[in-house]
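Have a look at the structure below, then the notes.
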Ligand code: SF4
Ligand code: SF4
Ligand code: SF4
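Chains as they are written, first to last, in our numbering: chain A, 1 to 419; chain B, 1 to 359.
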């Protein structure tokens, strides 16, 4: 099998096909800290793509409550366990060597086996096919925290405090990661799955698919789903008509997907990043996604050790136990939380851009404003400035302008009661 | 005395070598010939119990797991398939019987796979690769599916697997059309919401006219359904007491380039494959036979081969060459074979001399 370079792992890995990259990649940053678990995203996808017969159980977007919730049930625990068994069989102690971190390997180098490397001679990808019962109850364990071991009635007399809450949960909002090295694509014996050159969106050819469900078995995130009424598998399409700018509302420029654009928690920022021939992101410090993922490194891939190089990046929750988060988002967790907790002047401005326009933002500019607050965070002085951030669309037209301090509008007397 | 022990050692080693080779991915079905007996009148197209089948000689074709291309399932369930064939100078019918402990005839549920069986004919002279042909060596495959068969008998809906399902409405599905208000079988007024059907995927059709799909292939991953108009293979299958009995039938000749045409007194090749849905067998995870010779008997009632011998059998070397190694697999198995054979050879030589040196 050829080797491909996976920058999440800082090394080459085996993959059934030689390296080839799209010119742009569909990507997003999800800020777990701000999600309110409202499932508006989930409903919007359902109302757009999966309301038909045979799609009842499909939630291309789902929000699960970690650590117990998962759709399909226990997907991540099961894949982690499979990998663990493979590591034990191979006598490998998987580790991240953060000391080898570099421009090409921002999280250091991972020496464990990926799912394509641990698959053995008979399969392309290590995986499992969820049983029908595991797809049921998609929101099981919603809002269920870990148990509090201290005070009476499970209540803490002192409340919770950072950096780690004793009783904790967080929402994990998930869509297909439109992976750089999709496991679904690797496993399909019919080559019915393809990654689009123009935006890296991964699609299942509805004509070539024969419902073998090898992709369902292989995708570690379980985002490829089988539709019994058409005997063919389907998956998140990345709302490609919107990304193409084909939606009548879009004015001919790429738009954020449905699940991103509806988010009331304003936790999502969706865009397209330029990809170089070697698969790295073309340096573009004024692109909000490049800035968040590559420069500030506050948003991290979900289970990078699976080896698919997923393209949805998460700002990890500040209050959850670090070993759990490191297992989920890799070794960059501590750095990401530290930066997010005391954001730099520029980061604070860029964080305002989330969910403020339906159009994808390709560039931002900052106009500096006055110092409005000084504080101490984690023992260090911190300043807040009322800067203004301006977002531009694919045609470099201004589409949004926001200040860090939200403007206050006072309702005039005569409209006091109006809604 | 020691000559005898040496002979025993050599015999044991040969046996071991034989065992290693027997473990090789294929069981041989060379030398088998299936002859379609000629009868007069109608063929028993949907009657596996018909006495007419007794006129055909049953041939048991051994099968083993497909071990060449990933995904590979080394333990597939069908080990042999019993084949009978009849023709009446216009049509041909095959009766295939094989053991399968469970009937799996629905693919509605996300983790349900069908039982199925297939017959394969080369579309070129000679024998292309026995697993789905090869580039420049297309094959015509007739694939009978237990779920298609079941749907022909009674149309299935989600209500069959989820008796308590309740859906208010499916937008763009019109329960008034054809299904007497049954929302779970209602036709769609806009096919775009049945994406696979909208793009013409044969599998996605709500109703099939035959339980057999007529397919053409030219190597792994190339399986392609023939057009709807080109679907001309009929079939019928029944399961009882752990045995599937499936009949395939078609006219002897076909004008389509993607179809095999059969004439009496010519030697053809044919191969078989079976999938056990309960074992999640699908795609390359299947039991398959090698090429078997096949011919139509000339005159009614003879039931015997008019031509015999291995005339149409390509030599084994040609067959091996026809197998396009999938880089990794060929290397891997080659390497494993070397790993086993080299120490075995050294061991034999060492033992030979060791025993030979004994007084
Ligand atoms: S998340 Fe799964 S379905 Fe989506 S591209 Fe990656 S492997 Fe494929
Ligand atoms: S990107 Fe579009 S298709 Fe994918 S989960 Fe979000 S709304 Fe659904
Ligand atoms: S819409 Fe936004 S806030 Fe609501 S659950 Fe989805 S990601 Fe969270």
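A virtual CB, placed ideally from N, CA and C, is assigned to each residue, including glycine.
Cβ-heavy atom distance, residue i to ligand 2, below 7 Å
i                      : result
residue 175 of chain A : yes
residue 75 of chain A  : no
residue 238 of chain A : yes
residue 61 of chain A  : yes
residue 144 of chain A : no
residue 195 of chain B : no
residue 215 of chain A : no
Where residue i meets chain B, residues with beta-carbon distance less than 8 Å
i                      : result
residue 190 of chain A : 221, 223 and 283
residue 226 of chain A : 110
residue 230 of chain A : 194, 195, 196, 197, 201, 203 and 204
residue 214 of chain A : 71 and 283
residue 207 of chain A : 196, 199, 200 and 201
One or two residues paired with residue i in a DSSP bridge
i                      : result
residue 144 of chain B : B/117 and B/212
residue 439 of chain B : In the structure displayed, chain B extends from 1 to 359; residue 439 of chain B sits before or after that span and is not available.
residue 326 of chain A : BP columns for residue 326 of chain A are empty, so no partner.
residue 50 of chain A  : BP columns for residue 50 of chain A are empty, so no partner.
residue 173 of chain A : A/63
residue 12 of chain A  : A/5
residue 25 of chain A  : A/273
residue 174 of chain B : B/187
residue 227 of chain A : A/232
residue 195 of chain A : A/202
residue 271 of chain B : B/120
residue 137 of chain B : B/134
residue 33 of chain B  : B/293
residue 96 of chain A  : A/110
residue 255 of chain A : A/359
residue 288 of chain B : B/64 and B/273
residue 224 of chain B : B/216
Residue i CB to nearest heavy atom of ligand 1 below 7 Å
i                      : result
residue 80 of chain A  : no
residue 308 of chain A : yes
residue 183 of chain A : yes
residue 87 of chain B  : no
Contact test: residue i Cβ vs ligand 3 heavy atom, cutoff 7 Å
i                      : result
residue 45 of chain A  : no
residue 36 of chain A  : yes
residue 40 of chain A  : yes
residue 71 of chain B  : no
residue 262 of chain A : yes
residue 265 of chain A : yes
residue 268 of chain A : yes
Beta-carbon neighbours of residue i, restricted to chain A and to distances below 9 Å
i                      : result
residue 72 of chain B  : 121, 122 and 123
residue 107 of chain B : 211, 226, 228 and 231
residue 167 of chain B : 53 and 56
residue 173 of chain B : 52 and 53
Chain D within 8 Å of residue i, Cβ atoms only
i                      : result
residue 135 of chain A : Checking the listed chains, one finds no chain D in this structure; the protein chains it contains are A and B.
Chain-ordered chain B contacts of residue i [CB-CB under 9 Å]
i                      : result
residue 129 of chain A : 110, 111 and 280
residue 234 of chain A : 195 and 196
Partner residues on chain A for residue i, Cβ-Cβ distance less than 8 Å
i                      : result
residue 211 of chain B : Within 8 Å Cβ-Cβ: nothing; residue 211 of chain B doesn't reach chain A, min ~14 Å.
residue 170 of chain B : 51, 52 and 53
Closer than 7 Å at the beta carbon, the chain B residues around residue i
i                      : result
residue 132 of chain A : 109, 110 and 111
Check your understanding: If we count Cβ pairs, one from each stretch, closer than 8 Å, do we get three or more for the region 186-206 of chain B versus the region 124-131 of chain B?
Key -> no
Which runs of the alpha helix (DSSP H) at least 4 residues long sit entirely within the region 338-402 of chain A? Give them in chain order. 345-351
Okay, do the region 92-111 of chain B and the region 241-257 of chain B touch, 3+ Cβ pairs below 8 Å being the bar?
yes
inquiry  = Closer than 8 Å is the cut-off here; do at least three beta carbon pairs connect the region 200-211 of chain B with the region 191-210 of chain A?
reply    = The region 200-211 of chain B vs the region 191-210 of chain A: in contact.
Does the structure place the region 330-340 of chain A close enough to the region 355-365 of chain A that three or more beta carbon pairs sit under 8 Å? no
Give a yes or no on contact between the region 108-125 of chain A and the region 291-309 of chain A, applying the rule of three or more CB pairs nearer than 8 Å.
yes
- Can you find at least 3 beta carbon pairs, one from the region 368-380 of chain A and one from the region 407-417 of chain A, that sit closer than 8 Å? no
With a cut-off of 8 Å, do at least 3 Cβ pairs link the region 322-337 of chain A to the region 288-307 of chain A? Yes, since at least three Cβ pairs between the region 322-337 of chain A and the region 288-307 of chain A fall closer than 8 Å, the two stretches touch.
Would you call the region 179-192 of chain A and the region 210-224 of chain B in contact, with 3 or more CB pairs under 8 Å? In the pairwise beta carbon analysis, the region 179-192 of chain A is classified as touching the region 210-224 of chain B: at least three pairs are separated by under 8 Å.
- Just checking, does the region 263-270 of chain B make contact with the region 283-300 of chain B on the three C-beta pairs under 8 Å criterion? For the pair of segments examined, the region 263-270 of chain B was found to touch the region 283-300 of chain B: the number of CB pairs separated by less than 8 Å reaches three.
Q.
Is it the case that the region 135-144 of chain B contacts the region 79-88 of chain B, given that we only count it when at least three CB pairs across the two stretches are under 8 Å?
A. no
Below 8 Å, can you find three or more Cβ-Cβ pairs linking the region 25-32 of chain A to the region 289-296 of chain A? yes
Any contact between the region 90-106 of chain A and the region 73-86 of chain B? By contact I mean 3 or more CB pairs, one from each, below 8 Å. no
Is the number of C-beta pairs between the region 152-160 of chain A and the region 50-64 of chain A that are closer than 8 Å three or more?
Output reads no: the region 50-64 of chain A does not touch the region 152-160 of chain A.
Three or more beta-carbon pairs under 8 Å between the region 57-72 of chain B and the region 271-290 of chain B, yes or no?
yes
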